[in-house]
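First comes the structure, then the notes that go with it.
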Amino acid sequence: MSSKVRVRFAPSPTGPLHIGGVRTALYNYLFAKKHGGDFLLRIEDTDQTRFVAGAEKYIIESLAWCGISPDEGIGGEDRGNGPYRQSERKPMYRQYVDQLLADEKAYIAFDTADELDAMRQLAKDAGAANWQYNYITRGNMKNSLTLPKEEVEAKIAAGEPYVVRIKLPRNHEVRFEDTIRGWVSVNTNNMDDKVLFKSDGMPTYHLANIVDDRLMGITHVIRGEEWLPSAPLHVMLYEAFGWECPIFAHLPLLLKPDGPGKLSKRDGDRLGFPVFPIDWHNEETGETASGYREFGFFPGAFINMLALLGWNPGTEQEIFDLQGLIEAFDLSKVSKSGAKFDFEKGKWFNQLYLRALNEDQLAAELKKELDKEGLAYNEAHLGKIATMMSERATFPQDLLTEGQFLFSAPTEYDEKTASKKWTADSAGMMQDLALRFSALDDFTEEHIEASFKAYLEEKELGFGKVGPSFRLAVTGKGMGPSMFTICEVLGKDEVLARIEKAIAVLG
RNA sequence: GGCCCGUUCGUCUAGCGGUCCAGGACGCCGCCCUUUCACGGCGGAAACACGGGUUCGAUUCCCGUACGGGUCACCA
41 MSSKVRVRFA PSPTGPLHIG GVRTALYNYL FAKKHGGDFL LRIEDTDQTR FVAGAEKYII
101 ESLAWCGISP DEGIGGEDRG NGPYRQSERK PMYRQYVDQL LADEKAYIAF DTADELDAMR
161 QLAKDAGAAN WQYNYITRGN MKNSLTLPKE EVEAKIAAGE PYVVRIKLPR NHEVRFEDTI
221 RGWVSVNTNN MDDKVLFKSD GMPTYHLANI VDDRLMGITH VIRGEEWLPS APLHVMLYEA
281 FGWECPIFAH LPLLLKPDGP GKLSKRDGDR LGFPVFPIDW HNEETGETAS GYREFGFFPG
341 AFINMLALLG WNPGTEQEIF DLQGLIEAFD LSKVSKSGAK FDFEKGKWFN QLYLRALNED
401 QLAAELKKEL DKEGLAYNEA HLGKIATMMS ERATFPQDLL TEGQFLFSAP TEYDEKTASK
461 KWTADSAGMM QDLALRFSAL DDFTEEHIEA SFKAYLEEKE LGFGKVGPSF RLAVTGKGMG
521 PSMFTICEVL GKDEVLARIE KAIAVLG
């Protein structure tokens, strides 16, 4: 049997992690747990210019909210493979670069970024598709392949900046088997001699990633499809080092709900849904990007939705908790094509999770919302109210907003209902009802209903004649839950006061 | 544009040569329940991109076209 499964999620701390990243982390986690393996979190911060303060903390907090905790690495244990931030591993990479250089699998290049830009522009102006630093062009560039050895040494000694590039063989078919996509093959003629080591002494992603995965014993590389084009380069690197390749699995991307392209932060703003797991506060601009947590999502619903975006269990089951996902997860059931993100489906999951809560849990959710708004309430009624409102709520805050009238008397009356249902007789009928209610000793749902119905019978009135205006008087609305439950919760005094007020306002 | 990857209802998807006049879910529509709304129940409309092969037989295999996506930095 092969060695223990070890996977990693390796984001760069350049900003908030978006939901595509969360899904990648989730799949890695599920895969690891399914196979009794380890899930590591590594921070790939080799680009100091793009570092964003707080991003690492955000990533850890986001994953924690989702119920994902790294076994090893950042936010997890140090099991002797650290450090787990590439910036802190800086001294470790040099020897690998030197090894490649010594084996002539890489070479030193002195061309500056400006020179390269100029070269690319020149090629573009000449109508060339795209310029590459490869087996053809490298012969005309300033590098250790073209310059005399003494000159190269002199330049280095003089402190002239340089990079190290991989030396790709000509016309070599690079093949690897992707778990999700099957065999992928690319000819080195279509690849270029990517920079492995930057002039600032830092490795590029490509080099650091391969070295770290090797050193950390990573067995499976599960990442987004945007990495597929560089996978052949990575394969060549493993080959250059003489190392065995991990198993690759490139995940389909999350796409915009409407137009073309992958899901971006802009889409969330434009279409009104979050693209981040939790709120992100941009310290520079002072802006806040909205997150699922603050939007009112339950982590379970969020994870459930994300898991099913690009993967399916092969059965018709759609509701899974984390443990269920771990048991059902299988890379072979991950789809190949990108998934357009559908927020509506996400809402449906949340609604389901909300309704699965028991009365006490619902009451606790409602209490949180009330406290947030600083509203007064009778604790004893919370369970009843929350349960009553839960069937028309998708998010915890709906428990409150949909039943606002339970906590404060209506200040205005729904116009449509008022004009249609509040007739000349309404005030009189409300007066009658008030009189009857005031005589009730036991102001409970059953008694209120009985009293109400007795009144209808006595006056030979239909429900539709009195009900709507009664609701309007007490709640200010034309629709909602059972009036009798509402009245019990409000209490006799409040109901009577509201009826009186409605008569005064509506006439 | 080069290279790579993909293409089943509006959306997420099942399907791994006959069981498919294609199944589930979200959304949408209708009916029932209900004083109303919601919930719930029942039902409906809705898809194999196109063209060639291979095969007795293609949604399923192969090729091409179209379309979609990704990627082409001393960013990850």
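Position in the first sequence counted from 1, then plus 40, gives you my numbering.
Note that the Cβ used here is the ideal one computed from N, Cα and C, for glycine as well.
### Task
Give the straight-line distance between the Cα atoms of C106 and P56, rounded to the nearest whole angstrom.
15 Å
### Query
Hey, quick one: how far does the alpha helix (DSSP H) through A194 stretch, first residue to last?
Start and end: K189 to A197.
### Task
State the DSSP-derived secondary structure class of E112, mapped to helix, strand or coil.
E112 falls in the strand class under three-state DSSP.
### Query
What does DSSP give as the partner residues of K234 in its beta bridges?
DSSP, once it has assigned bridges, lists no residue as partnering K234.
### Task
Would you give the residue range spanned by the beta strand (DSSP E) that V315 belongs to?
Run containing V315: none; DSSP gives neither H nor E here.
### 8 Å CB neighbourhood of G502 in its chain, flanking five on each side removed
L496
### Query
Which of helix, strand or coil does DSSP assign to E431?
coil
### Query
Could you check where the alpha helix (DSSP H) with L103 kicks off and where it finishes?
Its alpha helix (DSSP H) spans residues A95 to C106.
#### Entry: Rounded separation between I343 and F237 - CA only
37 Å
#### Entry: Element boundaries [alpha helix (DSSP H), containing E540]
K532 to L546
### Query
Would W171 pass as a contact of R160 if the rule is Cβ separation under 8 Å?
yes
### Task
Using the DSSP secondary-structure output, state which residues sit across from T328 in a beta bridge.
T328 pairs with H321.
### Task
Evaluate contact between the region 78 to 90 and the region 236 to 256, counting only Cβ atoms and requiring at least three cross-stretch pairs below 8 Å.
yes
### Task
Determine contact between the region 344 to 361 and the region 369 to 380, defined as no fewer than three beta-carbon pairs at a distance below 8 Å.
yes
### Message
Threshold first: 4 residues or longer. Then list the alpha helix (DSSP H) segments lying entirely within the region 415 to 486, N to C.
### Response
With a minimum length of 4 residues, the unbroken runs of alpha helix (DSSP H) contained wholly in the region 415 to 486 fall at 422 to 430, 436 to 441, 455 to 461 and 466 to 478.
### Task
Just the C-alpha distance for Q391 and A433, rounded to the nearest angstrom, thanks.
Computed Cα separation, rounded: 7 Å.
### Query
Is it a yes or a no for the region 91 to 100 touching the region 46 to 65, going by three-plus beta-carbon pairs under 8 Å?
Result yes; three or more Cβ-Cβ pairs closer than 8 Å.
### Query
How would you call L311, buried or exposed, if buried means at least 16 neighbouring beta carbons within 10 angstroms?
exposed
### Query
Looking at C-alpha atoms only, which residue of K460, E486, E498 and A449 is the closest neighbour of D472?
Ranking K460, E486, E498 and A449 by Cα distance to D472 puts E498 first.
### Query
I think L536 touches S466, with their Cβ atoms under 8 Å apart; what is that distance to the nearest whole Å?
Not confirmed; about 16 Å, so no contact.
#### Entry: Reference M242; option with closest CA among E128, Y332 and P339
E128
### Message
Does the structure place the region 109 to 116 close enough to the region 272 to 283 that three or more beta carbon pairs sit under 8 Å?
### Response
No: the two stretches stay apart, fewer than three of their Cβ pairs being nearer than 8 Å.
### For M41, three-class secondary structure by DSSP
For M41, the pLDDT reaches just 42, beneath the cut-off of 50, and the residue's location in the model is therefore unreliable, although a value from the coordinates is still provided. Coil.
### CB-CB length for R511 against M523, believed under 8 Å
6 Å
### Message
Using the three-state DSSP reduction, which class does P123 fall into: helix, strand or coil?
### Response
coil
### Task
For the beta strand (DSSP E) holding H290, just list the boundary residues, first then last.
H290 -> beta strand (DSSP E) spans I287 to L291.
### Query
Using the C-alpha atoms, what's the distance from G531 back to A416?
15 Å
### Task
Would you give the residue range spanned by the beta strand (DSSP E) that L262 belongs to?
Note that residue 262 is Ile in the sequence shown, not Leu. From DSSP, the beta strand (DSSP E) with I262 extends over H260 to G264.
### Message
Suppose the cutoff is 7 Å on Cβ atoms and the five residues either side in sequence are ignored; what does the same chain contact list for M41 look like?
### Response
Annotation note: pLDDT 42 at M41 (below 50); position unreliable, no value reported.
### Task
Count the C-beta pairs between the region 449 to 469 and the region 478 to 491 that are closer than 8 Å, then say yes if the count reaches three, no if not.
no
### Query
By Cβ distance below 6 Å, which residues in the same chain neighbour Y175 in space, the five residues on each side in sequence not counted?
R210
### Query
Does the beta-carbon distance from A379 to P292 come in below 8 Å?
yes
### Query
So what's A163 in DSSP terms, helix, strand or just coil?
helix
### Query
So, L406 versus L439, is the Cβ gap smaller than 8 Å?
yes
### Continuous alpha helix (DSSP H) stretch holding E356: start and end
Careful: E356 lies outside any alpha helix (DSSP H) and carries neither H nor E.
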